[in-house]
Amino acid sequence: RTLPNEDTSVTDISSWKMAVGSCKQYAHGFFNNLGDIADRDDLDMMIWLGDYIYEFPNDPLVDGSDINRIPFPNEFLYTLSQYRGRYLSHHLDEDVKRAHQRLPWIMVWDDHEVVNDYWKDGAPDRWQNDSILDFEQRKLNGYQAFFEWTPVRNSDYDPNSGLYKSFKIGQLFDLIMVDARSQRTEPKDSVLEAVGVPVEEHYAFGEIQGVWFMNELKESKQRQAKWRIIGSDVVFGQSPPEQVFAAQDVEGRVFFGEDQLEGYDAERQIIIDSIVKNNINNVISFSGGPHTGIAQKIFSTGNPIRNDVNSFPVFTEFTMDGMSAPKLFEDERFVPFQNEYADKWGWVSPYFRLERDGYCIVDINNERVKVEYWINENTRSSQTESKLDETFCIYPDVVEFNECEENEEIGFLERLLGKLWGDETDVE
């Protein structure tokens, strides 16, 4: 399959439909979500947002013994042979094979293609043992296996700026794929500690990629593409206040944390400011990483401030469930507080769903972007199927999650006036 010419009019592309996913760990469960995607006949491509493999052996926390899903090789990955073996085992999976046979894939990596939580020149001591192999060689081994086993060209990677690329789908939308993993500096110990650290010292994208990213958004607006779709391996959004996830006798918890872009706040703010300054509209981000389905608004101030005219939504973000990946400790850390989340953070994020594997189906046309969250109740069984959980529509020039209208020809002005007159509390 080939992409339409970048000058193809939106009237000549009735719609573009794609699956979006991330994070598949062999021992966690089966990849039947990918099989369900492969069974569809209405998709144009697959977008993958990182963690195509996991570098862990079988483990009591993520144990595939009872479903005969033992990672191969069953050890931590360090050597090129080990990484190649893990990719081989994934590509022998029938669901993975069918998904690659049926669809073209556009991909970016995250951390587990090398080692958990790594940064450009190191990784946590818990996961990196230099007595086995030094980090730099381990990273190069992981990268080489990635390029050998995925439909990504190694020429797309620049050691000094990362794995990033943009695609022009006619005049309908630009897809901007970014890499906030391979170039990042070491995360701080907490989000609070990262506040105020200059971007020259603490960054996720780095100067070269960051400038490219902002220029791509500006050029997309200048060439009058209808939509700007970001594919990211980390989350742009802000965690809700810690007290949302706090019992009376338990300290509150940060949901995303210093590993996501709220932990690189200065750089994130530069990107947000550029979008605002250049009046770049119709931006929608899809982000891998948290293994949780979340629809949220990204605010001008980074950290949303309620009832402040200087803090307003700039674009929408959809974070991905894991395609088949663990949700460790969610049942005790977050599940009990879902009502608190809705009550205290629903004005930022109307959708927050835990403990399910899944993916998104995204349908883009000139009138709206429709995003469907599909979930699977039990990927420990190879016989279960995904089902539609929730649908949102994003309409032009309105940073809001909407129900999808039956008549999608309704104009922008009528929708906006309906919000202003019908439910003013929802308008930020």
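For the working numbering, add 31 to where a residue sits in the sequence shown, where the first one is 1. Where a beta carbon is used, it is the ideal one built from N, C-alpha and C, also for glycine. Here the structure is a predicted model, which is why all the values come from computation and not from measurement.
Check: Please return the same chain residues whose Cβ sits closer than 7 Å to the Cβ of S380, not counting the five positions on each side in sequence.; Outcome: I325, A326, Q327
Check: Using the Cα positions of D72 and H122, report the straight-line distance between them to the nearest angstrom.; Outcome: 22 Å
Check: I think V139 touches D264, with their Cβ atoms under 8 Å apart; what is that distance to the nearest whole Å?; Outcome: 5 Å
Check: Can you tell which of V226, T415, V430 has the C-alpha that lies nearest to the C-alpha of N334?; Outcome: V226
Check: Less than 8 Å between the C-beta atoms of I301 and R259, yes or no?; Outcome: no
Check: Do Y404 and I68 have their C-beta atoms closer together than 8 Å?; Outcome: no
Check: Tell me which residue opens and which closes the beta strand (DSSP E) that S376 is part of.; Outcome: Checking the displayed sequence, the identity of residue 376 turns out to be Trp instead of Ser. From DSSP, W376 is part of no beta strand (DSSP E) but of the alpha helix (DSSP H) over 369–376.
Check: Among all the DSSP beta bridges, which residues are the ones paired with C391?; Outcome: V51, Y404
Check: Below 8 Å on the Cβ atoms is my guess for V37 versus K199; work out the distance and round it to an integer in Å.; Outcome: Sequence check: residue 37 is Glu here, not Val. That belief holds up - the Cβ atoms of E37 and K199 are roughly 4 Å apart, short of 8 Å.
Check: Could you please give me the residues that DSSP links to R259 through a beta bridge?; Outcome: D205, V314
Check: By a C-beta neighbour count over all protein chains shown, 10 Å radius and 16 as the cutoff for buried, is I418 buried or exposed?; Outcome: Checking the displayed sequence, the identity of residue 418 turns out to be Lys instead of Ile. With fewer than 16 other Cβ atoms within 10 Å, it is exposed.
Check: Could you say if the region 160–171 and the region 108–122 meet the contact criterion of at least three C-beta pairs nearer than 8 Å?; Outcome: yes
Check: Can you tell me whether DSSP reads V458 as helix, strand or coil?; Outcome: Model confidence at V458 stands at a pLDDT of 35, short of 50, so the residue's coordinates are unreliable and nothing is read from them.
Check: Does D43 come out as helix, strand or coil in the three-state DSSP assignment?; Outcome: helix
Check: A330 and S316: beta carbons closer than 8 Å?; Outcome: Note on identity: in this sequence residue 330 is Phe, with Ala being the wrong assignment. No. Outside cutoff.
Check: Leaving out five residues before and five after D296 in sequence, what residues of the same chain have Cβ atoms less than 7 Å from its Cβ?; Outcome: A225, V226, G333
Check: Are V314 and I239 close, meaning C-beta to C-beta below 8 Å?; Outcome: no
Check: Between the Cα of Q414 and the Cα atoms of A50, F61, S53, K48, which residue gives the shortest distance?; Outcome: F61
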